Each structure stands twice: as C-alpha cells, then as structure tokens.
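Everything on this sheet refers to the single structure shown next.
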Amino acid sequence: MNDVAGAEVSGAFAGIGGTTTTLNIRTPPSARSLRLRRRLLMNAARLVLVGGLLYAWEWGVNAKHIDPFFWGQPSQVWATLKGWITVGTPQGSLAEQVGVTLQETVYGFVIGVVLGIVGGIALGSSRLLADLLSPFIKVANSIPRIILGSIFTVAFGFGIESKIVLSAVLVFFGVFFNAFQGTREVDRNLMANARILGASRLQVTRQVVIPSAFTWILASLHVSFGFALIGALVGEILGADKGLGLLIRSSQNNFDMNGVLGGMVVVAIIALLAELVITLLEKRILRWRPPSATADMTAV
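Sequential numbering from 95 applies to the sequence shown in the working numbering.
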C-alpha cells in the first residue's frame, strides 16, 4: 500500500437508517519518490541559476557594462566551442586534445592512487617507518606544485611523461594522508583479536586494516581526480605540443578570452563526468554501508 500513492480504501458501514460511510485514505509518498522529486527540483533550480547568470553576463556585455575583451561573452564562447568541434583547434582536433589530457590525467591518477594507498597503509601500520619518513614527506608536500612542474618538464621533456609524473605526485599526497589516517583509526582491539585467532600480519592488513581504511581512501578519490587533472593541465601549460592546457595557453597568448573560457568549459565537463563515475563506483562498493546524513549530499 505504501508504494501506491492515492490508494483508496473503501468500506461500507451500516449505520442508523442504513447510511453508508466511505473512507478515502491516501498513503504518504515513499522515501524513494521523495528523493527523486527533490533531485529533480534541485537540478531544475541549478539550471535556472546557471541560465540566469549566463543571461545576465550576455546582457551586461551587450549593454556595455562588461568588457568582453577581459571577460568574454557567453555567445562567443559557444561559437568558439562550436568551431573547435566542427573545424578543429590550431593544434588539431578537439577530440585529440581531450584525449591527450585524459590520458595524462588517468595515468597520473592511477599511479598516484596506488602509491598513496600502499604508502599510507605501510606508514600507518609501522610507527618506525612513520617516524623515519615523516619529515621527508612533509618537506616534499610543502614544495609548490608549479616548481615541481618546471622540474619535471626539464627532466622528462615536453611529452606526456612529465604531465603523468606531476599528476601522480599531486594525487599521491591526498590519497596518502587519507590512507595513513584511515589506517591509524583502525580499532586496535579488532587487530589484536585477529592476531589472537592466528592471523598473520599480512592477513590482518588485508582483512582488517584495508577494509577499515577503505572509506577514507574512497573519500580522497573525489578530490584526487581533480588534482590529477590540474597536474596534467599545469604540465601542458608549462610545456607541451598537444592538450587542453596548451589550447588554453595559446588562447591566452592571443588575448582570446573566449578561447580560455571555452577550454575551461571542456575541463569542467570532464571533471563533472569523472565525479559522477567515482560517485557511482563508491555507491556500488559501499552498498553494505547504511545511509548517512552525508549520503543525501552526493545524491543530489
């Protein structure tokens, strides 16, 4: 009955004089339908907000309140994107530029995640290693990323290798600190009980530590892919022969603000699609976990 909105329950009750009474009971909507309705309303509100901002921007340019040389114009940004899709960019087709940047981002993301998980769990499980390597990790993390990008560009050249290394470094620290903290948060009594039952150190790590720290690790992936994308773009801006970073830098050198904004739109679309994939992956992996208050934020 709960799944049928507006279900009608009718009952006839014989009363004095043979009168009948009909009861109409409407069941409340299910939680799933409420979530769907809220999601649709939120998406509609977001579209209205974005559309209003673009309209105000376009109106400001046409009314001479906004200088398009410095801030661009939505209609011209769309025209630039359309030209890139149909004709191509000065560096080649738009698909080729997106493919190069995606390749660098994905490789750097995977390498950084693997190294971050292994390093975080290893140092989180061993106080000796943590005390020994902690100063070096803090120093490496404090180095500005733009300097690392310049070093990697000189060391590895203008190919994709320098961008992959920079992306991996940016991803590594975010995943490492989450995996490290997640490992430190594991219940020590649970680990002790596993050892009492005869589990080896490797078995404790694989069956107790990693599952317990997995929520921390997954939380870091949402930010880490953005860092990987930033690493690829910064590396391409510093020196490359293809990629979205080079496309944005070329537009900047030509004082083409519409081209810069067009490149940013493409990057934003890639980031949003990646966030959607990671969110779906997280929900699939953590189906066993009961819903929490934060789950509503990722559902909208």
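Think of the CB as a built atom: it goes at the ideal place given N, C-alpha and C, for glycine as much as any other residue. Remember, it's a predicted structure, so these values are computed and weren't measured experimentally.
- Taking C-beta atoms as the reference points, residue 171 and residue 206 fail to come closer than 8 Å.
- The Cβ atoms of residue 309 and residue 215 do not sit closer than 8 Å to each other.
- If you draw a straight line from the Cα of residue 165 to the Cα of residue 146, it comes to about 17 Å.
- Here residue 251 is exposed, its C-beta having fewer than 16 other C-beta atoms within 10 Å.
- Here residue 276 is buried: its Cβ has 16 or more other Cβ atoms, across all protein chains shown, within 10 Å.
- Contact holds between the stretch 187–205 and the stretch 242–259, because three or more Cβ pairs, one in each stretch, are under 8 Å apart.
- Between residue 351 and residue 136, the alpha-carbon positions lie close to 31 Å from each other.
- Distance from the CA atom of residue 168 to the CA atom of residue 356, rounded to whole angstroms, is 9 Å.
- Under the three-state reduction of DSSP, residue 186 is assigned to strand.
- For residue 274, the closest of 174, 141 and 313 by C-alpha to C-alpha distance is 313.
- For residue 317, the enclosing alpha helix (DSSP H) has its first and last residue at 304–332.
- In the DSSP annotation of this structure, the continuous segment of the alpha helix (DSSP H) that includes residue 276 starts and ends at 254–278.
- In this chain, residue 181 is not harboured by any alpha helix (DSSP H), its DSSP state being neither H nor E.
- The Cβ atoms of residue 329 and residue 339 sit closer than 8 Å to each other.
- Secondary structure note for residue 299: it is in no alpha helix (DSSP H), with a DSSP letter that is neither H nor E.
- By the Cβ neighbour-count rule, residue 377 is exposed, with fewer than 16 other Cβ atoms within 10 Å of its own.
- Setting aside the 5 residues that flank it on each side, residue 227 is surrounded in the same chain by 217, each with a C-beta closer than 8 Å to its C-beta; the list follows chain order.
- Taking a C-beta distance under 8 Å as the contact criterion, residue 213 and residue 163 do not qualify as a contact pair.
- Burial of residue 191 is indicated by the presence of at least 16 other C-beta atoms within 10 angstroms of its C-beta.
- Counted as a single uninterrupted DSSP element, the alpha helix (DSSP H) harbouring residue 374 occupies residues 351–379.
- Our two residues, residue 150 and residue 320, have alpha carbons roughly 29 Å apart in a direct line.
- About 4 Å separates the Cβ atoms of residue 198 and residue 326, confirming a contact at the 8 Å cut-off.
- With contacts defined as CB atoms closer than 8 Å, residue 345 and residue 265 fail to qualify as a contacting pair.
- In the structure shown, residue 335 falls within a coil segment according to DSSP collapsed to helix, strand and coil.
- Taking the Cα positions, residue 307 is about 25 Å away from residue 323.
- Within its own chain, no residue has a Cβ closer than 8 Å to the Cβ of residue 141 once the five positions on either side in sequence are excluded.
- Bounds of any alpha helix (DSSP H) do not take in residue 158, whose DSSP letter is neither H nor E.
- Annotation: residue 315 to residue 157 spans about 44 Å, alpha carbon to alpha carbon.
- Excluding five sequence positions before and after residue 370, none of the CB atoms of its chain fall closer than 6 Å to its own CB.
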